[in-house]
Amino acid sequence: MEEFKWEDRIPSARELRGGFENADDILSRIMGSGSPSIGSDLLHDTLLAKSVNSRRIKRSDATRIVSVTNQKGGVGKTTTTVNVATSFAAEGIPVLVIDLDPQANTSSSLGVRQRGKGIYEVMTGQASIQEVVRKSPIFPSLEVVPSSIDLSAIELEMAGEPRREAVLKKCLFSYLERSGKKYEYVFIDCAPSLGLLVLNALTASREVLIPVQVEYYALEGLNQLLRTINLVRLNFNPDLKNVMMILNMVDRRTILSRKICEAVREAYPSLVLSSSIPRLVRVAEAAAAGESLTSFDPSSPAAVAYRQACIEIAERL
Ligand code: ATP
Ligand code: MG
1338 MEEFKWEDRI PSARELRGGF ENADDILSRI MGSGSPSIGS DLLHDTLLAK SVNSRRIKRS
1398 DATRIVSVTN QKGGVGKTTT TVNVATSFAA EGIPVLVIDL DPQANTSSSL GVRQRGKGIY
1458 EVMTGQASIQ EVVRKSPIFP SLEVVPSSID LSAIELEMAG EPRREAVLKK CLFSYLERSG
1518 KKYEYVFIDC APSLGLLVLN ALTASREVLI PVQVEYYALE GLNQLLRTIN LVRLNFNPDL
1578 KNVMMILNMV DRRTILSRKI CEAVREAYPS LVLSSSIPRL VRVAEAAAAG ESLTSFDPSS
1638 PAAVAYRQAC IEIAERL
């Protein structure tokens, strides 16, 4: 009788598929796809990282000035500014970040604490941007105009000044012209308000990026913000045209989160980026370590999502 050899009964990968399975095939086979399981999440993240990291970010000929704003607190303005700016910078793209929030979280997350003068002194005419701008200790093509708690007094101090909405614009445009710096992006991180500082940011910008936290009240306040942006466009800054929204803290595994994403996309179909940022502890851990996610954990799915958002932002104009 012929000896039974179990090894001979196993079809080889080549026989099964007409070729060898690669790592993605093996993952797909083991994890399956489509169902919201940990396996399919892992598969989704692996495939996304591969495709996003293999793409290049389109370069910009002009300097794009983008305010990152939302009057709601804690929705991810600073996290978005820090991680979008560093994702661009990680590619060698020249970026300037202006921290226009007295909380100064952007400055510290980018490793640039204000020593001496900062944006307050710039806006009160005591220093130029050239004098206060600092290089990122991690990304050679990233520069930061730091902020400090002093900035909290500025709205009252500027209240009686003529053209008080255009102070930042004047300082920024004169710096860009005199320094000859060819930044491809300037990101301005705003405080959670619709006050004079935000008005200055919007007047100096040509674009707005609105982080929307995916939570039950996500849509609340967005119309008011869009009305304010439109008022600024009509009254102070006709160049303010490109408005983008980015969904943040998305939990792919809950139905509520998916429904909220759908509702925001339905309400503002042309404004919402297709890339969205997952809610991950890693994001908060990077902030707690005083770092961007781009340097703290570039392989995290959230860092990949930020890079994907950058690819999309770069192609939006
Ligand atoms: P503020 O209005 O006070 O300026 P903000 O809009 O700038 O706040 P962030 O400071 O960026 O918001 O984020 C608020 C908190 O949420 C931070 O602790 C941050 O680490 C955390 N966070 C932001 N995005 C995410 C995310 N995708 N996943 C997990 N945590 C996040
Ligand atoms: Mg902030």
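Residue numbers for the sequence shown follow our numbering, so the first one is 1338 and each next one is one higher.
All C-beta atoms, glycine included, are put in the ideal place defined by N, C-alpha and C.
For clarity, every value in this text was computed on a predicted model and none was experimentally measured.
- For the ligand ATP, a non-hydrogen atom lies closer than 8 Å to the CB of P1615.
- Beta bridge pairing from DSSP links V1482 with I1435.
- Residue state for F1476 is assigned as coil, using DSSP reduced to three classes.
- The C-alpha of S1611 lies about 42 Å from the C-alpha of Q1463.
- With respect to the 9 Å criterion, I1402 and A1651 are not classified as neighbours on the basis of their beta carbons.
- Judged by the Cβ position, N1390 fails to qualify as a neighbour of the ligand ATP at the 8 Å threshold, every heavy atom of the ligand being at least this far.
- Taking C-beta atoms as the reference points, L1539 and F1510 fail to come closer than 9 Å.
- Between V1481 and D1438 a beta carbon distance of about 13 Å is seen, past the 8 Å cut, so the two are scored as non-contacting.
- Residue E1502 holds the alpha-carbon nearest to the alpha-carbon of A1541 among S1607, V1434, E1502, S1391.
- Within the DSSP bridge table, the entry for N1579 names E1544 as partners.
- By the criterion of a C-beta distance shorter than 6 Å, T1565 is surrounded in its chain by L1531, once the five residues flanking it on both sides are discounted.
- Residue pairing by DSSP places D1588 in no beta bridge whatsoever.
- A Cβ-Cβ distance of about 5 Å is found for the pair A1426 and S1478, placing them in contact under the 8 Å criterion.
- Going by C-alpha positions, Y1520 is about 34 Å away from H1381.
- Only residues of its own chain outside the window of five on either side were considered, and among them none has a CB closer than 8 Å to the CB of E1599.
- For E1458, the closest alpha carbon among the candidates V1432, I1486, A1639 is that of I1486.
- Bounds of any beta strand (DSSP E) do not take in Y1457; it lies within the alpha helix (DSSP H) bounded by 1456-1460.
- Judged by DSSP secondary structure, V1412 falls outside any alpha helix (DSSP H); it is assigned neither H nor E.
- Going by beta carbons, I1547 and M1586 fall outside the 9 Å limit.
- Inclusion of P1474 and G1497 in the CB contact set at 9 Å is not warranted, their separation being larger than that value.
- Note that the C-beta distance between R1653 and N1579 is below 9 Å.
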